[in-house]
Amino acid sequence: MKTENNNHQYDVIVIGGGITGAGTARDCAMRGLKVLLVERHDISTGATGRNHGLLHSGARYAVTDHESATECIKENMTLRKIARHCVEETDGLFITLPEDDLNFQSLFVEKCIEAGIQAEVIDPELAKTMEPAVNPELIGAVKVPDASVDPFRLTMANVLDAQLHGAKTLVSHEVIDVLVEQNRVVGVKLRNHHNGEEFNAYAQVTINAAGIWGTLIAQMAGVKINMFPAKGSLLIFGHRVNNMVINRCRKPANADILVPDDAVCVIGTTSDRVPIEACDDMRVTPEEVEVLLSEGMKLAPSLGNTRILRAYAGVRPLIASDDDPSGRSISRGIVTLDHEKRDGLAGFITITGGKMMTYRLMAEEVTNLACEKLGVNKPCITASTPLPGSEPQQESKKYSFANKASHGRHGTLDSKISTGDAASDALVCECEGVSVGEVKYAIDELHVHNLVNLRRRTRVGMGTCQGELCACRTAGVMCDSDDSAQRAINDLAGFLNERWKGMQPVAWGDNLAEAQLTATIYQGLLGVDQLTTERRADYYEI
Amino acid sequence: MKFDIIIIGGGLSGLTAGIALAQAGRDVAVISAGQSTLHFSSGSLDLLGCDNNGNIVNNPLNAIASLNASHPYKKVSNVESIAQEAKQLLTEAGITTTGDATANHWRITPIGALKPTWLSVDGMATMQDAGTMPWKRVALVNIINYLDFPTKLIAAGLRNRGIEVDIKAVTLRELNELRKSPSEMRSTNIAKVLERNNLLQGLADAINQVTVDGNYDMVLLPAVMGIDSCSAASTMLNLIAPEASYVATLPPSVPGVRMQTLLRKRFAALDGTFLTGDQVIEGNFQGNKLNSVKTAKLEGERLEADNFILATGSFMSRGLVADYNHVYEPALGVDVDSNSLDRTTWAQLNVTSAQPYMEMGVTTDTKLHCLLGGKPVSNLYAAGSILSGHNSIKLSDAAGVDMLTALQVTHNILNQQ
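As structure tokens, then:
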């Protein structure tokens, strides 16, 4: 390890293990660059893991932002091909309610068509048949090619592909300094959160893809980026109320998108500016819950009597254009900052703004620039090369609930999961069909160090019971010595705290009953609280 | 239909009251939704494990004096004799236990912690003193691929206390069959397969084989034997050569399910009426009396009684319901704590903090009468986890509150007449 660390020399260092960083690492690696991807917590812990999981058709932006709309529909069609196993082709509705202006609909459709989005006006009665959960009061409906996407899976697939092309990934490694020599960024200083070790890594180009935290990275390099942290809160419901994405046909506003994701559905978002210091500990307020719930019920009234599983919030890395320091004109488009041109600081690029939807395009843009700086002339092939897991199907495994579920999660990569023997087939999570084999695969190959990592990779504990028993089972499977037994207990305590963070803002109804059951089991029956010795340093809560 | 007493709720509290009243010759009906928190049991019953400051309690009887005035034990006239009565009631139902109310002993949790407790079902591994380990060398024997018994965690906990622990695993062909559907590899299914197919000897042979050379002074097994009766559980232990005991598993709890079964059998043997799978949806009050109740399934039927006991449990048992902005008691609509109106005060941010919702419940007068509009209902009592004023997780007092308040209500009813 030591010698390897002392020899950290790369073409490109990508900072940030969100979708943008992962996509950039993939693109760079596919163009033959030697890449290091660093992430201070875990893959997709920031805004990437805290959104709707919506594969926008672009329709939402059609009226207000033609460029974003065009980018979205193009990437939408691309991701359906290259990330087949991360996408569920649900389609979406834009509904007009009696309180909305129906005249907006024709403008909306016109602008969609202009952007290349197939928008089709349908009869409200037909909309009710297509999506029985929709508010029956609707007076207008437009069908668009929205879809649902699993951001955790998509990001991991990009990381895996980057690795297959030679990239190195370091999770739980935080950039604590950006190394500048004579107006050039030459690398970064990293801290390994597992053991506290600090070391330098060097590269000719450093790419800042740290989302909202990119402003802090830029600060370390001595340049200023004018970011506008915009908090967006969302609620996850205990089952999948709708099968199509439901949007409001009006200018973007609070809580006007309901997305079906796997076995659940998600309503969001709110949008409020927050201070950068608050971005590490986002909590959903009772007022936000109120707005999300009351507006959500207008899209699908049955949300009112559906159990809310948890509340969570992410922060969009919006950016003010450089000539507008007041921040009045905030763009949601892609922003690539060549700090050599902008600030006279060579070897440093920031990629920000944009949306999860356009991550591949963002990666392409920033990789083009990095290649230009490195004198590499290779075309981008990320739009035509399937991600690992989405290659054409070879052979399929014997049918079982767990095999089917894991195929859904890992696509063709499920061939790496051992099955067929009793030990591997034992189920740890009944809600989501996660087997011991899948847990072991995730630990071995997907950078899993704790239960929350595992949750992001496999959906363990993401189902209706939110980890009631599977968390403890998994902790038992994950430890292999007395030493790791203590770590597993601390990990379990961290997992429970993380889970409670999402439940506490919505602790009423069935959710409160479930919380009491969890406390009764984990504290009363098991005594986890009494065995916990410390909070793990590499733990990051969502 | 008319009974002397109708008990709403068939968990530990409701069954305790039902048995005691039936024993006293009363005509009793229990209306039960089905499952109860006994399914999450540790195989032990807690009276008072910790005091208000979180300190371990050695002698529950002494420590009860220091509890808040709101604690349900403050409405129990003689805790010592009622605690003995509870133990006696369990014994008569076929649930023999060790322990008494003057000195807590220790149980081993399914992840290897030790917790103070009052009564442990015979066969469960216990310790008199957490400082002195009763064993030097332990074999911890699991069933292969049974994931609800995390042996590595239990072993680490015991080793931390100076015990040498070897982890072993055994299986039988019949259990492999069970494993073909992985979600069936759960405690109650294992117990049924072992017990109903006469596999205890076979399993004991397998356990003896892996423990014979180890010079163990204790063999610890997952508590997955004996779902229908105590005898299977004790037979198993007798078939193993060294001394052997059970450690609780993750839910469902076989000893807990067994306790529920035996209590129900006892109640039935005393001619009690058990209405299962039903729930009370309405009460017919007149003045300060409850005349009758209606249930979801017995449409049009009024169930009348001289006295009623509400023992439906807390939120997790649906005895209490929290909606968006208030907490209420759904069966009869009796009064709950007044601090239940502001949702933002129900739950603390830190998961291990004392959560305010844990103390919520129905309010009662000193005789455990429920209140309606602030006034006592003269023939309606509350017992068990539905009572307000204590945090059963922080105090480790759930089973004690269930049984002791149930027996106190029984006394109150019998004395009243």
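Taken in order, these protein sequences are the chains called A and B.
If you count the first sequence from 1, position 38 lands on 38 in the working numbering, and the numbers rise without skipping.
Position in the second sequence (first residue = 1) + 542 = the working numbering.
Here a beta-carbon is modelled for each residue, glycine too, at the ideal position from N, C-alpha and C.
To the nearest angstrom, how far is it from the Cα of residue i to the Cα of residue j?
| i | j | result |
| --- | --- | --- |
| residue 339 (chain A) | residue 37 (chain A) | 20 angstroms |
| residue 286 (chain A) | residue 888 (chain B) | 12 angstroms |
| residue 823 (chain B) | residue 759 (chain B) | 54 angstroms |
| residue 584 (chain B) | residue 730 (chain B) | 14 angstroms |
| residue 655 (chain B) | residue 677 (chain B) | 16 angstroms |
| residue 545 (chain B) | residue 850 (chain B) | 10 angstroms |
| residue 312 (chain A) | residue 278 (chain A) | 14 angstroms |
| residue 118 (chain A) | residue 408 (chain A) | 27 angstroms |
| residue 16 (chain A) | residue 899 (chain B) | 40 angstroms |
| residue 238 (chain A) | residue 743 (chain B) | 45 angstroms |
| residue 558 (chain A) | residue 254 (chain A) | Residue 558 (chain A) cannot be examined here, being either before or after the span of chain A that is shown, 1 to 542. |
| residue 374 (chain A) | residue 53 (chain A) | 35 angstroms |
| residue 665 (chain B) | residue 810 (chain B) | 26 angstroms |
| residue 690 (chain B) | residue 34 (chain A) | 45 angstroms |
| residue 269 (chain A) | residue 358 (chain A) | 19 angstroms |
| residue 81 (chain A) | residue 791 (chain B) | 46 angstroms |
| residue 609 (chain B) | residue 930 (chain B) | 14 angstroms |
| residue 941 (chain B) | residue 788 (chain B) | 20 angstroms |
| residue 563 (chain B) | residue 949 (chain B) | 9 angstroms |
Provide the residue span of the alpha helix (DSSP H) that contains residue i, from first to last.
| i | result |
| --- | --- |
| residue 747 (chain B) | 742 to 753 |
| residue 935 (chain B) | 934 to 937 |
| residue 334 (chain A) | First-last for residue 334 (chain A): 334 to 338, but that is the beta strand (DSSP E), not the alpha helix (DSSP H). |
| residue 653 (chain B) | Counting along the chain, residue 653 (chain B) falls outside any alpha helix (DSSP H), and DSSP gives it neither H nor E. |
| residue 73 (chain A) | 66 to 82 |
| residue 857 (chain B) | Note, residue 857 (chain B): premise wrong, no alpha helix (DSSP H); not H, not E. |
Counting contacts by CB-CB distance shorter than 8 angstroms, is residue i in contact with chain B?
| i | result |
| --- | --- |
| residue 350 (chain A) | no |
| residue 472 (chain A) | yes |
| residue 241 (chain A) | no |
| residue 58 (chain A) | no |
| residue 308 (chain A) | no |
| residue 301 (chain A) | no |
| residue 489 (chain A) | yes |
| residue 403 (chain A) | no |
| residue 406 (chain A) | no |
| residue 479 (chain A) | yes |
Let me see if you follow: with CB-CB separation under 8 angstroms, is residue i close to chain A or not?
| i | result |
| --- | --- |
| residue 865 (chain B) | yes |
| residue 695 (chain B) | yes |
| residue 663 (chain B) | no |
| residue 899 (chain B) | yes |
| residue 893 (chain B) | yes |
| residue 586 (chain B) | no |
| residue 718 (chain B) | yes |
With a cut-off of 8 angstroms on the beta carbons, I'd call residue i and residue j a contact; round off their distance for me.
| i | j | result |
| --- | --- | --- |
| residue 79 (chain A) | residue 225 (chain A) | About 28 angstroms; that fails the 8 angstroms criterion. |
| residue 578 (chain B) | residue 802 (chain B) | 6 angstroms |
| residue 459 (chain A) | residue 446 (chain A) | Going by Cβ atoms, the distance from residue 459 (chain A) to residue 446 (chain A) rounds to 13 angstroms, so no, they are not a contact pair. |
| residue 589 (chain B) | residue 553 (chain B) | So it is not a contact: roughly 17 angstroms between Cβ atoms. |
| residue 748 (chain B) | residue 763 (chain B) | At roughly 11 angstroms, the Cβ-Cβ gap does not stay under 8 angstroms, so residue 748 (chain B) and residue 763 (chain B) are not in contact. |
| residue 240 (chain A) | residue 264 (chain A) | 6 angstroms |
| residue 370 (chain A) | residue 207 (chain A) | 6 angstroms |
| residue 97 (chain A) | residue 135 (chain A) | 6 angstroms |
| residue 146 (chain A) | residue 91 (chain A) | 6 angstroms |
Give the range of the beta strand (DSSP E) segment to which residue i is assigned.
| i | result |
| --- | --- |
| residue 349 (chain A) | 348 to 353 |
| residue 504 (chain A) | Counting along the chain, residue 504 (chain A) falls outside any beta strand (DSSP E), and DSSP gives it neither H nor E. |
| residue 173 (chain A) | 173 to 181 |
| residue 229 (chain A) | 227 to 237 |
| residue 608 (chain B) | Counting along the chain, residue 608 (chain B) falls outside any beta strand (DSSP E), and DSSP gives it neither H nor E. |
key: Proximal residues, the region 649 to 660 of chain B versus chain A, C-beta separation under 7 angstroms   = 651, 652, 653, 655, 657
query = Along the region 521 to 533 of chain A, what residues have a CB closer than 7 angstroms to any CB found in chain B?
reply = 521, 523, 524, 525, 526, 527, 528, 529, 530, 531
task = For the region 789 to 810 of chain B, enumerate the residues whose C-beta is nearer than 9 angstroms to any C-beta of chain A, in chain order.
result = 790, 792, 793, 795
query = the region 835 to 865 of chain B: which residues have C-beta closer than 9 angstroms to a C-beta of chain A, in chain order?
reply = 856, 857, 858, 859, 860, 862, 863, 864, 865
request  = Anything in the region 677 to 690 of chain B with a Cβ closer than 9 angstroms to a Cβ of chain A? List those residues in chain order, please.
outcome  = 686, 687, 688, 689, 690
key: Members of the region 246 to 276 of chain A near chain B, C-beta cut-off 8 angstroms   = none
inquiry  = Beta carbons nearer than 9 angstroms to chain A: which residues of the region 932 to 946 of chain B have them?
reply    = 934, 935, 936, 938, 940
ask   = Using Cβ-Cβ distances below 9 angstroms, what residues of the region 574 to 585 of chain B are close to chain A?
value = Listed by position, the residues of the region 574 to 585 of chain B near chain A (Cβ gap below 9 angstroms) are 579, 582, 583, 584.
query = Between the region 286 to 297 of chain A and chain B, which residues of the former have CB atoms less than 7 angstroms from a CB of the latter, in chain order?
reply = 286
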